[in-house]
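The working numbering puts the first residue of the sequence shown at 662, with every later residue one more than the last.
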Amino acid sequence: MKLQKITLREIRMPLATPFETSFGRLTDRRMLIVEALADGISGWGESVAGEGPFYAPETVETAWLILRDFIWPLLKDREFASAAEVWEMLAPIRGHNMAKGAIEAALWDAEAKQIGVPLWKFLGGMRTEIPCGVSIGIKETLDELVGTVERELSAGYQRIKIKIKPGKDIEPVERLRQTFPRIRLMVDANSAYRLQDWPHLKRLEAYYLMMIEQPLGWDDLYSHVELQRKLETPICLDECIHSEEHARAAIELGACRIINIKLGRVGGYTPARCIHDLCKSRQIPVWCGGMLESGIGRAHNIALSTLENFSLPGDVTASRRYWTEDVIEPEVEVTPQGTIRVPEGPGIGYLPRLDRIEELTTRKEILT
Ligand code: OSB
Ligand code: MG
662 MKLQKITLRE IRMPLATPFE TSFGRLTDRR MLIVEALADG ISGWGESVAG
712 EGPFYAPETV ETAWLILRDF IWPLLKDREF ASAAEVWEML APIRGHNMAK
762 GAIEAALWDA EAKQIGVPLW KFLGGMRTEI PCGVSIGIKE TLDELVGTVE
812 RELSAGYQRI KIKIKPGKDI EPVERLRQTF PRIRLMVDAN SAYRLQDWPH
862 LKRLEAYYLM MIEQPLGWDD LYSHVELQRK LETPICLDEC IHSEEHARAA
912 IELGACRIIN IKLGRVGGYT PARCIHDLCK SRQIPVWCGG MLESGIGRAH
962 NIALSTLENF SLPGDVTASR RYWTEDVIEP EVEVTPQGTI RVPEGPGIGY
1012 LPRLDRIEEL TTRKEILT
């Protein structure tokens, strides 16, 4: 394969409803879309970096800079056999996984399209339908939260995750458990607590949660080890797992019993598959996280979720939960059983709508 051209676009999309986490409230999403032309075929990827460095250190700006000034010069004019080699080619650049993940995924899409197979099959996926859960932001009132959960359950979603933060944790969970005694329920704190808060977190154990996602520091494995020792409920790590090495350390130390894999956070399909395989060999279930992606990133999350050990419902949901109009055709839909049927077309299996993407583009740079 040879990469001939990269087109960087920043698009802006208003969220259908604002999304609040322990690190902030979001009404519009800015995302960096990467179109990679390799051997005459376009592959598409999305950087999941946010507007600010609040979930992870990267931002839209840093991802743009790294792609233009460091990744492009590294990949330009290089011959490589497969997208599977791109991760290793990018090894001289430390960190910046969201920038790497965007181009790496785009090249996987391009290669699958070249061969004429769906990306998920090319990756070795085995699921034709993936189970879906939803991630629900922090709400103003408990009634609003209950109403939202009710709606998502009747749409078919198999698992409910709510965002929590200090002061908005025990009460919402208690209320949801009272109202929906049998649902699969979990919480995500996005690093809002400290280890000394453990007696407070322990109170959540009365509500039979599937897991508590990323309660402590975004890069603090050791405190999670101590917390997991004090809790029966499995800890799931998100922010802490940037690499296969971190995943191994987390598992061996006992920092978690479940791992959330995000393509952008780990740098693309090659590292994501390594983490997936490692977790499988250690009987650690994984699920696919989301980052409020446009249809492009969403399509990649679907492909990733077809791998065998993605046995728990992920945060991959219908386009309409976030966007009044998505950038792909068809949009991602969820069945009444709360699943997504994996597409059969080549590559990501959804067509990027160039007209819509151009309309939403606020900045564009072509690298040749
Ligand atoms: O922690 O999983 C997270 C959104 C933005 C940043 C971090 C997270 C999230 C979500 C939303 O939970 C998942 C989705 O895309 O539906
Ligand atoms: Mg999370």
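A virtual CB, placed ideally from N, CA and C, is assigned to each residue, including glycine.
Please read all numbers here as calculations on a predicted model, not as lab measurements.
Inter-residue distance for THR802 and SER743 is about 50 Å (C-alpha atoms, whole angstroms). Not one heavy atom of the ligand MG lies closer than 6 Å to the C-beta of ASP804.
For LYS761, the closest alpha carbon among the candidates LEU924, GLU969, GLY956 and GLU772 is that of LEU924. With fewer than 16 other Cβ atoms from the protein chains shown falling within 10 Å of its own Cβ, SER942 counts as exposed. In the three-state scheme derived from DSSP, where H, G and I count as helix and E and B as strand, PRO714 is classed as coil. Secondary structure remark: continuous beta strand (DSSP E) runs of at least 3 residues inside the stretch 933-1005, in chain order: 947-949 and 1000-1002. Per DSSP, reduced to three states, the secondary structure at PHE680 is strand. Sequence-distant partners of ILE1018 (beyond 5 residues in either direction) whose C-beta falls short of 8 Å from its own C-beta, in its chain, are ARG670, ILE672, ILE694 and VAL988. Each residue's CA atom was taken as its position, placing THR668 and ARG755 some 23 Å apart. Relative to ILE957, the option among ALA767, GLU722 and ILE945 whose CA is nearest is ALA767. Counted as a single uninterrupted DSSP element, the beta strand (DSSP E) harbouring LYS824 occupies residues 820-824.
With a threshold of 16 other beta carbon atoms within 10 Å, MET787 falls short and is exposed. Pairing GLY704 with GLY1010, the inter-Cα distance amounts to about 11 Å. As DSSP reads the structure, GLU740 sits in a beta bridge with LYS663. Taking C-beta atoms as the reference points, LEU882 and ALA910 count as a pair closer than 7 Å. With a cutoff of 6 Å, GLU681 does not count as near the ligand MG, since its C-beta is closer than that to no heavy atom of the ligand. Distances from the CB of GLU813 to the heavy atoms of the ligand MG are all 6 Å or more. Here DSSP, grouped into helix, strand and coil, assigns ARG788 to coil. According to DSSP, ILE672 shares a beta bridge with MET692 and THR1022.
At the C-beta level, LEU664 and ALA699 come within 7 Å of one another. Contact check for ARG686 against MET674 fails: the beta carbons are separated by 7 Å or more. Closest by C-alpha distance to GLU790, out of PRO997, LEU1028, LYS1025 and ILE1027, is PRO997. One alpha carbon belongs to SER966, the other to ARG1014, and they sit about 23 Å apart. In the displayed model, SER884 falls within a helix according to three-state DSSP.
In the structure shown, ASN921 adopts extended strand secondary structure according to DSSP, grouped into three states. Counting other Cβ atoms within 10 Å of its Cβ, GLN839 stays below 16 and is therefore classed as exposed. Between the C-alpha atoms of GLY999 and GLU1005 there is a straight-line separation of about 19 Å. Here VAL834 has ILE823, ILE825, LEU846, VAL848, LEU865, TYR868 and LEU870 as same chain residues with Cβ atoms under 8 Å from its own Cβ, once five neighbours each way along the sequence are excluded.
Straight across, the Cα-Cα distance linking ILE912 with ALA853 is about 22 Å. Here the alpha carbon of ALA763 sits roughly 16 Å from the alpha carbon of SER904. LEU728 and ALA697 have their alpha carbons spaced roughly 12 Å apart. Remark: the C-beta of GLU874 is in contact range of the ligand MG, defined as less than 6 Å to any heavy atom. THR894 carries a coil assignment under DSSP once its states are collapsed to helix, strand and coil.
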